[in-house]
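See below for the structure under consideration.
Number of protein chains: 2
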Amino acid sequence: MNDRLPPLTALRAFEAAARHMSFSRAAEELAVTPAALSFQIKSLEDHLGAPVFRRMNRAVDLTEPGRALVPGVRDGFAALNAAWRAARRMQDTRTLTITAGPAFTAKWLAPRLFTFAGQHPEIEMRFVASLRVMDFARDDVDVAIRYGVPQDDDGHSIPLLEECVLPVMTRELAQRFPLPGTLPQAPLLHDDSVSFLTPRPDWAAWFGAAGVAGVPPTGPRFSQADHAIDAALSGAGILLGRTSLIARLLNEGVLVAPYGIALKLPSIYRLVCAAGTESRPQIVAFREWLFGELDREPDVLTGHTVIPGGGPGGWRGKRPG
Amino acid sequence: MNDRLPPLTALRAFEAAARHMSFSRAAEELAVTPAALSFQIKSLEDHLGAPVFRRMNRAVDLTEPGRALVPGVRDGFAALNAAWRAARRMQDTRTLTITAGPAFTAKWLAPRLFTFAGQHPEIEMRFVASLRVMDFARDDVDVAIRYGVPQDDDGHSIPLLEECVLPVMTRELAQRFPLPGTLPQAPLLHDDSVSFLTPRPDWAAWFGAAGVAGVPPTGPRFSQADHAIDAALSGAGILLGRTSLIARLLNEGVLVAPYGIALKLPSIYRLVCAAGTESRPQIVAFREWLFGELDREPDVLTGHTVIPGGGPGGWRGKRPG
DNA sequence: GTATCACTTAAGAAAAACTGATGCGATGAA
DNA sequence: TTCATCGCATCAGTTTTTCTTAAGTGATAC
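Same order as they appear, the protein sequences are chains A and B. Its first residue numbered 1296, the first sequence is counted upward by one per residue in this note's numbering. Its first residue numbered 1296, the second sequence is counted upward by one per residue in this note's numbering.
Printed below as a string of structure tokens:
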């Protein structure tokens, strides 16, 4: 059996016709006359040896071979289109599409953006706030900031910063609850955004590491870290906050971390871009700006006890003697 | 930016050239002259606005846009090719490609095949013995026999038969070990092919369900069930065998199952085919033949106590009083 | 019963893809 | 060094494909 592909224009015509379920609309999309499209479908059917459409009076319907053809052809052209867009994007040095988690976008990127815009007015930035794993070839994204254990990447990956959690709060709350031992009576905020990690960096883990007795009381739970931080900023309670997201707020003094004990999380932030795109000008600019911002930010953990955890046993703090 | 695809012949030429890293070999593959291929690549580069190949003296090398283009274009044409082959296969009513696990192929399908060949001499069968999950659109397979919990299928799925395990052996061994209580002294064969199930249907589970005391001794372990069955057939030991694979041997009396206690596994065998292919003649023929064979086979578990297990607690048998 | 809609068909025109000859620069053997 | 060879580029002419225009079919809607 001759399994070489039929004329590719015929396949493309079929893809459009199957998507619209109409020859004329497909012809319109491809900017040809309906006659041309009809001819293309005919050509495809000649090559296949069977009809792919059943011609009804006012409509068309896929035959079984047609139905067998649709998914693969759709995927195939989707892949070609994505590859082409990716190659075109390589030409474009003026826009930069960044994806990061919603919390990192809101609490880290957004407040610092104006410095990047000032340094690189020629670069137009776009943001895709999503935790979904990105496929650079498919999702029209140039760089991704991702949190996790380094794993198989199809692209180029650079470690950015580590993550710790520690209790943070407004100054007012810090005065009411000056010592870790008073926390069981305090309003606690729960950030569930890192609850997928094992062991969970939650209040129970911190209490255990800090040697505070008593079961942590329940309190408001937030699925997204930026919302939990907003709650903490409003004075709603004490948050076991992620240092990456609150470093700026701590350095500005809007929030304080009075207890001096932090838990280090096992994963790190990384900057990822597609292989071969490391030297595109806007990616270079973004990478260097990122490192500059990270270097500029004073370390909020100076003077804190950082408990490296994340092993199977969780965090083990020194119990107060 | 105009992101419409370039001429598809140019993309195909690029795919071949990138695969061979040579224009002339790509031209040979596509059965055109090198001049034509050179022109196609040039056309692609005009559309993209940048070179995709760097012309070296005796060789070509991909540029960065070229590298960005390669994976998607390769995947795209692979998908189109697979779809086309699948559509062509729909035309073919004379061959039937079946995939099943190695053990099912060897111990269930192979011994029964001649009846199918007798009933349908016009159908040529091909076998792909693999446990890998199949993609009908990609793997040139018509039907799959799979063992597992019913899950998301892109195709059409029909339950075939359930699976139990029970101790089987040659007649000679059955005389030496007539009672379950004598098993701890017997040579035991271990079939690891179902050890991925939870709870594991192993000797420990069966001993527990049958109320036999004593830790099961170690013995030969087989990663594939058919090899374990071959060992049992040779009298090498007593096997906790899968009923689907040994029903024929039990009914023929080559093996015996003297103890009357079987564990039912949680998953079932299913017959799967791609959606829309259910009525292809060779698939109908195979399906009906399968059900006929299953109906013809006498139930080997008549008179046995079948312990439905597979819950979180495993199997719980009645302990002898 | 006529208008309309969606696809088909046919013939000529336009566009594309291809061929074969020729050219170029680098490699590698003599 | 010299020269043959290899792999790609280029060009003009030709073949093939693809498209358009225009006329046609049959079923549905009004």
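In this text, a Cβ means the ideal position worked out from N, Cα and C, and glycines have one as well.
Would you list the one or two residues that DSSP bridges to residue i?
| i | result |
| --- | --- |
| B/L1357 | B/F1348 |
| B/H1451 | B/C1568 |
| B/P1397 | Answer is none; B/P1397 lacks a bridge partner. |
| B/M1420 | B/L1391 |
| A/T1600 | A/I1556 |
| B/A1499 | B/A1499 pairs with nothing; no bridge assigned. |
| B/L1534 | B/V1463 and B/L1484 |
| A/I1440 | A/L1566 |
| A/L1468 | Answer is none; A/L1468 lacks a bridge partner. |
| A/E1457 | A/I1563 |
| A/R1516 | A/H1485 |
| B/V1551 | B/M1464 |
If we ignore side chains and look at the alpha-carbon of each, how far apart do residue i and residue j end up?
| i | j | result |
| --- | --- | --- |
| B/T1477 | B/L1589 | 34 Å |
| B/V1368 | A/G1598 | 54 Å |
| A/W1501 | A/P1406 | 28 Å |
| B/W1403 | B/R1543 | 8 Å |
| A/A1527 | A/P1593 | 21 Å |
| B/F1491 | B/F1517 | 13 Å |
| A/I1541 | A/A1552 | 10 Å |
| A/R1575 | A/R1582 | 11 Å |
| B/S1333 | A/A1381 | 23 Å |
| A/T1388 | A/A1580 | 11 Å |
| A/G1536 | B/D1486 | 50 Å |
| B/H1315 | B/A1354 | 11 Å |
| A/L1339 | A/P1346 | 8 Å |
| A/F1409 | A/M1385 | 25 Å |
| A/L1474 | A/P1462 | 11 Å |
| B/A1499 | B/A1570 | 41 Å |
| A/S1529 | A/I1556 | 23 Å |
| B/F1372 | B/V1428 | 22 Å |
| B/V1595 | B/C1459 | 10 Å |
| B/D1298 | A/A1377 | 10 Å |
| A/R1433 | A/L1426 | 16 Å |
| A/R1614 | A/I1602 | Here A/R1614 scores only 48 on pLDDT, less than 50, and its place in the model should not be relied on; the value that follows carries that caveat. Spanning the two alpha carbons is a distance of roughly 12 Å. |
| B/P1329 | B/A1305 | 13 Å |
| A/Q1470 | A/T1390 | 47 Å |
| A/G1616 | A/R1591 | At A/G1616, the pLDDT of 35 sits below 50, so the modelled position is not reliable and the matter cannot be decided from this model. |
| B/T1400 | B/T1392 | 12 Å |
| B/P1366 | A/L1545 | 45 Å |
| B/Y1564 | B/P1416 | 26 Å |
| B/W1379 | A/D1341 | 13 Å |
| B/P1482 | B/T1600 | 23 Å |
Which residue wins for smallest C-alpha separation from residue i, given the options the options?
| i | options | result |
| --- | --- | --- |
| A/G1587 | A/C1568, A/L1474 and A/L1456 | A/L1456 |
| B/V1423 | B/D1437, B/P1416, B/Q1414 and B/Y1564 | B/D1437 |
| A/L1560 | A/R1380, A/G1443 and A/E1467 | A/G1443 |
| B/R1611 | B/D1525, B/P1494 and B/A1469 | B/P1494 |
| B/A1308 | B/L1484, B/K1337 and B/W1498 | B/K1337 |
| B/T1572 | B/R1353, B/F1431, B/A1508 and B/H1315 | B/F1431 |
| A/G1514 | A/A1523, A/E1310 and A/V1507 | A/A1523 |
| B/G1532 | B/I1418, B/Q1480 and B/V1567 | B/Q1480 |
| B/L1375 | A/E1310, A/F1399 and A/Q1577 | A/E1310 |
| A/R1411 | A/L1585, A/P1603 and A/V1601 | Position check: residue 1411 of chain A holds Phe in this sequence, whereas Arg was assumed. Cα-wise, what sits closest to A/F1411 is A/L1585. |
| B/L1550 | B/Q1519, B/I1578 and B/T1465 | B/T1465 |
| A/R1441 | A/D1435, A/R1421 and A/P1397 | A/P1397 |
| B/E1419 | B/G1604, B/Q1577 and B/D1370 | B/Q1577 |
| B/C1568 | B/Q1414, B/D1370 and B/I1453 | B/I1453 |
| B/D1356 | B/A1312, B/L1343, B/Q1335 and B/T1394 | B/A1312 |
Between residue i and the ligand PLP, is there a pair consisting of the residue's CB and a ligand heavy atom that are separated by less than 6 Å?
| i | result |
| --- | --- |
| B/G1548 | Here there are no bound small molecules, and the ligand PLP is not part of this structure. |
For the region 1347–1366 of chain B against the region 1323–1336 of chain A, are there 3 or more C-beta pairs whose distance is under 8 Å? no
Taking beta-carbon pairs under 8 Å, can you tell me which members of the region 1583–1599 of chain A lie near chain B? none
Using a Cβ-Cβ cut-off of less than 8 Å, list which residues of the region 1331–1351 of chain A approach chain B; keep chain order. L1343, G1344, A1345 and V1347
Determine which residues of the region 1370–1387 of chain A have a Cβ less than 9 Å from any Cβ of chain B, and write them out in chain order. D1370, G1371, F1372, A1373, A1374, L1375, N1376, A1377, A1378, W1379, R1380, A1381, A1382, R1383, R1384, M1385, Q1386 and D1387
For the region 1406–1439 of chain B, list every residue whose C-beta sits within 7 Å of some C-beta in chain A, in sequence order. A1432
Closer than 9 Å between beta carbons: that is the criterion. Which residues of the region 1298–1310 of chain B meet it against chain A? D1298, R1299, L1300, P1301, P1302, L1303, T1304, L1306 and R1307
Contact list for the region 1544–1557 of chain A against chain B, Cβ threshold 8 Å: For the region 1544–1557 of chain A, which is checked against every Cβ of chain B, not one residue is closer than 8 Å.
Cβ-based contacts, 9 Å cut-off: residues of the region 1560–1579 of chain B near chain A: A1569, A1570, G1571, T1572, S1574 and R1575
Any C-beta of chain B within less than 7 Å: which residues of the region 1355–1366 of chain A qualify? E1359, P1360, R1362, A1363, L1364 and P1366
Select from the region 1481–1499 of chain A all residues with a C-beta closer than 8 Å to any C-beta belonging to chain B, and list them in chain order. none
For the region 1510–1521 of chain A, enumerate the residues whose C-beta is nearer than 9 Å to any C-beta of chain B, in chain order. Within the region 1510–1521 of chain A, no residue has a Cβ that lies closer than 9 Å to any Cβ of chain B.
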